[in-house]
Amino acid sequence: MIRTEEMLLNVGPQHPSTHGVFRIVLKIDGEIIKEATPVIGYLHRGTEKLAEDLQYTQIIPYTDRMDYLSAMTNNYILCHAVETMMDMEIPERAEYLRVLVMELGRIASHLVWFGTYLLDIGALSPFLYAFREREMIINLLNEISGARLTFNYMRVGGVKWDAPEGWIEKVEEFIPHMRKELAGYHDLVSGNEIFLNRVRGVGKYTKQEALSYSLSGANLRCTGVDWDLRKKEPYSIYDRFDFDVPVFEGGDAWSRYKCRMAEIEESLKIVEQAVEQFPKEGEIMAKVPRIIKPPAGETYVRIESPRGEIGCYIASQGKKEPYRLKFRRPSFYNLQILPKLLQGENIANLITILGGIDIVLGEVDG
Amino acid sequence: MIEELLYSSPSLTNTLIFFGLGASLLMMVLGFVTYAILAERKVMGFMQLRIGPNRVGGPFGLLQTVADVLKLLLKEDTIPKAADRPLFMLAPVIAFAPAFMVLAVIPFSESLRFSDIGIGLLYYIAISGISTIGVLMGGWASNNKYALLGGMRSAAQMISYEVPLVMSVIGVILLTGSLNLIQIVEAQENIAFLFVQPLAFVIFMIASVAELNRTPFDLPEAESELVAGYHVEYSGFRWAFFMLTEYVYLFAMASITTILFLGGWNPVPYLEFIPGIIWFALKFSVVVFFLIWLRATLPRMRADQLMSFGWKVLLPLALLNIFISAVIKEIWF
Numbered sequence: 018m019i020r021t022e023e024m025l026l027n028v029g030p031q032h033p034s035t036h037g038v039f040r041i042v043l044k045i046d047g048e049i050i051k052e053a054t055p056v057i058g059y060l061h062r063g064t065e066k067l068a069e070d071l072q073y074t075q076i077i078p079y080t081d082r083m084d085y086l087s088a089m090t091n092n093y094i095l096c097h098a099v100e101t102m103m104d105m106e107i108p109e110r111a112e113y114l115r116v117l118v119m120e121l122g123r124i125a126s127h128l129v130w131f132g133t134y135l136l137d138i139g140a141l142s143p144f145l146y147a148f149r150e151r152e153m154i155i156n157l158l159n160e161i162s163g164a165r166l167t168f169n170y171m172r173v174g175g176v177k178w179d180a181p182e183g184w185i186e187k188v189e190e191f192i193p194h195m196r197k198e199l200a201g202y203h204d205l206v207s208g209n210e211i212f213l214n215r216v217r218g219v220g221k222y223t224k225q226e227a228l229s230y231s232l233s234g235a236n237l238r239c240t241g242v243d244w245d246l247r248k249k250e251p252y253s254i255y256d257r258f259d260f261d262v263p264v265f266e267g268g269d270a271w272s273r274y275k276c277r278m279a280e281i282e283e284s285l286k287i288v289e290q291a292v293e294q295f296p297k298e299g300e301i302m303a304k305v306p307r308i309i310k311p312p313a314g315e316t317y318v319r320i321e322s323p324r325g326e327i328g329c330y331i332a333s334q335g336k337k338e339p340y341r342l343k344f345r346r347p348s349f350y351n352l353q354i355l356p357k358l359l360q361g362e363n364i365a366n367l368i369t370i371l372g373g374i375d376i377v378l379g380e381v382d383g
Numbered sequence: 012m013i014e015e016l017l018y019s020s021p022s023l024t025n026t027l028i029f030f031g032l033g034a035s036l037l038m039m040v041l042g043f044v045t046y047a048i049l050a051e052r053k054v055m056g057f058m059q060l061r062i063g064p065n066r067v068g069g070p071f072g073l074l075q076t077v078a079d080v081l082k083l084l085l086k087e088d089t090i091p092k093a094a095d096r097p098l099f100m101l102a103p104v105i106a107f108a109p110a111f112m113v114l115a116v117i118p119f120s121e122s123l124r125f126s127d128i129g130i131g132l133l134y135y136i137a138i139s140g141i142s143t144i145g146v147l148m149g150g151w152a153s154n155n156k157y158a159l160l161g162g163m164r165s166a167a168q169m170i171s172y173e174v175p176l177v178m179s180v181i182g183v184i185l186l187t188g189s190l191n192l193i194q195i196v197e198a199q200e201n202i203a204f205l206f207v208q209p210l211a212f213v214i215f216m217i218a219s220v221a222e223l224n225r226t227p228f229d230l231p232e233a234e235s236e237l238v239a240g241y242h243v244e245y246s247g248f249r250w251a252f253f254m255l256t257e258y259v260y261l262f263a264m265a266s267i268t269t270i271l272f273l274g275g276w277n278p279v280p281y282l283e284f285i286p287g288i289i290w291f292a293l294k295f296s297v298v299v300f301f302l303i304w305l306r307a308t309l310p311r312m313r314a315d316q317l318m319s320f321g322w323k324v325l326l327p328l329a330l331l332n333i334f335i336s337a338v339i340k341e342i343w344f
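Structure representation (structure tokens):
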């Protein structure tokens, strides 16, 4: 008597392809996934609760540890929220430095995504190539902030450190190098038939689904929605740069791949222009009171992080600590569509789909 | 010399000689495995902007693999509580034994060969299929879901790719008129079968990579999906046996490719003064390098694509190749 039964397979939190400590419990029939239940929270550190007892400047290092692959944008969102509440004028030079480091961080973040995604799909080498370029960015950011990953670079009212001697020139040199290597990535990966077969049509969702699941970033733009906050609601000095927002129609893993790769190019354009326009001298900090006390009230600001729309809500009672701090963490929202996408897929596609969403567990779990 | 010994009546002397020969072959293969692993790590390191092993045994890490094997030997031998003990212990042996058995028929040069049986090629293909059972057994006996999935994938993959593999060599057999590996090499004295049977060569290479479970067909042990696939529960020397199997098959498969398609020990014209064994080693190294190169370049296929590729693309092509070979043979020979 032959009998088949469904098997319960636990993937993670120590599985190599879950990008940290994500766990997903699968009900599988052979290799076909019948039901997927994500379990999150293994990296929860209670950032928002901790922030309630901290002064605003003290919260900045905590934001570094949320999305640790692009800590600069996280630094910025908090500072930006406080600055909005206090209606602060930021010096020109500081704004340029912020944009430079954020866009470099975006490139670094996409490079990590590219490398690990290919590693998930089974190609070993692109990972090491991507990390070579990422290392150069990390070194640049290290030079300006003193840290490789958790920068703690921005402050309410500006940035902590000015660009060291020759730093701008180094960034300038990096741009053509990155363009050259990016072409190499496309040669190695983008035309590879096996890769195309793995990603084309996998993890497909429609525009409507993307919108109703509140996806953002490349996960939204891959369905044909032209939504990038740098363009739609320009913050900082993004309105001064000429760049495009890559939008693709497919809604599958392949479109997401193309979208992110094109975003690297656009970020390079922004960095290039920022380097050109970079003011020769100037202040890097606005006149900020010694103890930062935003006026009572609340505010919500949002910006475009590499992973999507990151938002920060601050409820202040006019004290030096926030009454309530809340981050809209894009990875967390983007992940919600996963169980739906996994219905009826096989295990190999699980990896492709999960990797394609580009989550950072520090951000998912907060 | 060996033929004389084979026909002479059994005695202590020829038993000892055979044993000695077997042991020397084993040593040769183990030597190959040691340095193939090192070569793989070095070549991949070179391709991936890394250095590779460079500490143990001089600047090139010549003793790295030895140190690794020593470490594996000293490791605690763990068997999971829920595992099927006898099967768990038997599986690496069943996987390894055929890998070593197939080497018996492989001729390395005109003089360096261990047996000369009429159905050498058939023997190779038949015996190498047994290893799948070891892999499947290991996957099942581990009582681990990942291992089971890996084992199942492995079995499905090996069956699907064994068929086109066998079909692709039929062209060679047709042209030679023999299953004997030595006669196959001798038939390539003027021109290697690579040029006569290009389609068969391509099919054979693809199918052999799939047989070897190497990238892009490394699904049974897909690290990013199944963690380590069928050998996820194995550790220490049992695990080393699975690894050894893989590399011995690499040796065997590279040898058989050299013999079937690259002309074995036949020299390139005008370079006849170089001995046959060196030609064999050169061609063999090219094949091994090619396999390492693939691993550093390609992503992994998906199980269902792998199946449809095997059955819907490779098999019809292999059948077409048989037909073409038959027509060619009928017209020209």
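Chains as they are written, first to last, in my numbering: chain A, 18 to 383; chain B, 12 to 344.
For every residue, glycine included, the Cβ atom is placed at its ideal position computed from N, Cα and C.
Since we're looking at a predicted model, the values are computed, not measured.
Check	Outcome
Using a beta-carbon distance below 9 Å, is residue 261 (chain B) in contact with chain A?	no
Can you tell me which of the three DSSP states residue 319 (chain A) falls into?	strand
Taking only three categories from DSSP, how would you classify residue 369 (chain A)?	helix
Does the distance from the CB of residue 175 (chain B) to the CB of residue 270 (chain B) come in under 9 Å?	no
Which of the three DSSP states, helix, strand or coil, is assigned to residue 165 (chain B)?	helix
Taking C-beta to C-beta, are residue 59 (chain B) and residue 142 (chain A) nearer than 9 Å?	yes
Opposite residue 344 (chain A) in the DSSP bridges: which residues?	A:329
Applying a beta-carbon distance threshold of less than 8 Å, which residues of chain A neighbour residue 238 (chain B)?	32 and 33
Identify each residue in the segment 286-303 of chain A for which the Cβ-Cβ distance to at least one residue of chain B is less than 8 Å, and report them in chain order.	none
What residues in its chain sit with their C-beta under 7 Å from that of residue 295 (chain B), if we drop five residues either side in the sequence?	265, 266 and 269
Quick check: is the beta carbon of residue 365 (chain A) nearer than 9 Å to any beta carbon in chain B?	yes
Is there a Cβ of chain B sitting closer than 9 Å to that of residue 48 (chain A), yes or no?	yes
Determine, using beta carbons only, whether residue 338 (chain A) and residue 65 (chain A) come nearer to each other than 9 Å.	no
Can you pull the chain A neighbours of residue 156 (chain B), defined as C-beta to C-beta under 7 Å?	24 and 26
For residue 336 (chain B), which residues of its own chain have a beta-carbon under 6 Å away from its beta-carbon, when the five flanking residues on both sides are left out?	182 and 185
Kindly provide the ranges of any alpha helix (DSSP H) runs that are 4 or more residues long and lie completely inside the segment 255-313 of chain B, ordered along the chain.	287-308
Between residue 50 (chain B) and chain A, is there a C-beta pair that is closer than 9 Å?	no
Can you name, in chain order, every residue of its own chain whose Cβ lies under 6 Å from the Cβ of residue 39 (chain A), other than the five neighbours on each side?	29 and 378
Leaving out five residues on either side along the sequence, give the residues of the same chain with a beta carbon under 8 Å from the beta carbon of residue 105 (chain B).	141, 142, 144, 145 and 148
Return the Cβ separation of residue 303 (chain A) and residue 175 (chain A) in integer angstroms, given the expectation that the two are a contact with Cβ distance under 8 Å.	6 Å
In whole angstroms, what is the alpha-carbon distance linking residue 344 (chain A) and residue 359 (chain A)?	27 Å
Touch check for the segment 112-132 of chain A and the segment 272-286 of chain A: three-plus C-beta pairs under 8 Å?	yes
What residues of chain B sit near residue 149 (chain A), judged by a beta carbon separation below 9 Å?	60
Taking the beta strand (DSSP E) that residue 53 (chain A) falls in, what are its first and last residues?	49-56
Considering only residues of the segment 183-237 of chain A, which uninterrupted alpha helix (DSSP H) runs meet the minimum length of 4 residues and lie entirely inside it, listed in chain order?	184-202, 210-216 and 224-229
Would residue 313 (chain B) and residue 365 (chain A) be called neighbours here (beta carbons separated by less than 9 Å)?	yes
Quick one: complete alpha helix (DSSP H) runs, 4+ long, within the segment 52-133 of chain A?	64-68, 73-81 and 88-103
Express the C-alpha separation of residue 82 (chain B) and residue 159 (chain B) in angstroms, rounding to a whole number.	27 Å
Compare the Cα-Cα distances from residue 265 (chain A) to each of A:221, A:289 and A:300 and report the closest residue.	A:221
Only counting the same chain, and skipping five residues up and downstream in sequence, which positions put a Cβ closer than 6 Å to that of residue 258 (chain A)?	287 and 290
Using a cut-off of 9 Å between C-beta atoms, extract the partners of residue 212 (chain A) located in chain B.	309 and 310
Pick helix, strand or coil for residue 24 (chain A), following the three-state DSSP scheme.	strand
Might you give, ordered along the chain, the residues of its own chain that have their beta carbon closer than 8 Å to the beta carbon of residue 384 (chain A), omitting 5 neighbours on each side?	Absent from the model: residue 384 (chain A). The displayed extent of chain A is 18 to 383, so no value can be given.
Which residues in the same chain as residue 90 (chain B) place their Cβ atom closer than 7 Å to its Cβ, once the five residues preceding and following it in sequence are excluded?	96 and 99
Please name the residue or residues paired with residue 45 (chain A) in a DSSP beta bridge.	A:24 and A:50
Between residue 111 (chain B) and the rest of its own chain, which residues show a CB-CB distance below 8 Å, the 5 nearest in sequence each way excluded?	37, 40 and 259
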